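> Here it is, the structure, as structure tokens.
Residue numbers (the numbering used here): 548 to 629.
Put into structure tokens, the structure is as follows:
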């Protein structure tokens, strides 16, 4: 699995036919992690340079920083899961 290609971008399929989303994680640019599980969302946010706080369990339903925004490395982001 290519971890650099899970935060945003065009849909594609693996060899097994399971859909996934491809994208590049850009440092300092807030990725869209809505719909991701906790581990993938934290991995994606931290690789983009953000510190993560989590509320709830399940999949991400909201994030405190809007996707695509340029923010200072180390900025805190709150992920709400349900």
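Just so you know, even glycine gets a beta-carbon here, dropped at the ideal spot from N, CA and C.
Remember, predicted model here, so these are calculated numbers, not experimental data.
Considering only C-alpha positions, which residue in the set 618, 617, 572, 612 is nearest to residue 627?
612
> Quick check on the DSSP output: what are the complete alpha helix (DSSP H) runs of length 4 or more inside the segment 577–609, in order along the chain?
585–594, all fully within the segment 577–609.
> Let me know if residue 624 comes out buried or exposed under the rule of 16 or more other beta-carbons within 10 Å of its beta-carbon.
buried
> Taking the straight line between their C-alpha atoms, what separation do you get for residue 620 and residue 595?
8 Å
> Under 7 Å Cβ to Cβ from residue 599, same chain only, skipping five residues before and after it: list those, please.
589, 592, 593, 624, 626
> Pick out whichever of 597, 604, 585 has its Cα sitting closest to the Cα of residue 614.
Put simply, of 597, 604, 585 the residue whose alpha carbon is nearest the alpha carbon of residue 614 is 597.
> Alpha carbon to alpha carbon, what distance is there between residue 605 and residue 584?
6 Å
> When you compare each of 573, 571, 581, 575 to residue 608 by their alpha carbons, which one comes out closest?
581
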